[in-house]
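Residue numbers (our numbering): 4 to 85. We put the CB at the ideal spot given by N, CA and C, even for glycine.
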Amino acid sequence: MDDKKIREIKGKIEDYKRFGFILLSLSIFMFLGIIIPNDVPLTGNYVEYMMVGTVLSLVMALIFHRKAMRYRNQLDNEELGQ
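Structural data, given as structure tokens:
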């Protein structure tokens with residue numbers, strides 16, 4: 004595998020890890036926004052929307068993490084094959 008392809012795969016790994024960590028931190032902040040009590044009465048489906056957003060963020064973080072690990076395994080296999 005040429006050097007350009009290796010750099011491209013390493014860039015994808017870094018990007019997917021970064022996206023995963025950003026989504027993980029977003030889901031943590033959204034969950035904390037739900038469990039920390041406040042003085043404003045919650046109207047409508049605020050809690051349900053926040054929980055759905057939290058779960059979706061966690062699922063997307065997991066997907067990005069798995070993609071990064073798949074590219075990492077591909078990179079390791081290519082480097083061992085040379």
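Keeping to the same chain, check which residues put their C-beta closer than 6 Å to that of residue i; ignore five residues upstream and five downstream.
i, result
"K15", "Y74"
"S60", "L26, L29, S30"
Tell me whether residue i sits in a helix, a strand or coil according to DSSP, three-state version.
i, result
"T46", "coil"
"D5", "coil"
"N41", "coil"
Using a Cβ-Cβ distance cut-off of 7 Å, determine whether residue i contacts chain B.
i, result
"I39", "The chain inventory of the structure shown lacks chain B, comprising one protein chain alone."
For residue i, which of the options has the nearest alpha-carbon?
i, options, result
"V62", "I37, I39, S28", "S28"
"F67", "D18, V50, K13", "D18"
If the criterion is Cβ atoms closer than 7 Å, does the pair residue i and residue j meet it?
i, j, result
"K20", "A71", "yes"
"L78", "I12", "yes"
Give me, in chain order, the residues of the same chain whose beta-carbon lies closer than 7 Å to that of residue i; leave out the 5 immediate sequence neighbours on both sides.
i, result
"F34", "T57"
"I50", "Here residue 50 is Val; the residue named in the question, Ile, does not match the sequence. If we look at V50 and ignore the five residues flanking it on each side, its Cβ neighbours are I37."
Would you report the Cα separation of residue i and residue j, rounded to the nearest angstrom?
i, j, result
"I9", "G23", "21 Å"
"D5", "R69", "24 Å"
"Y52", "D42", "19 Å"
"N80", "P44", "55 Å"
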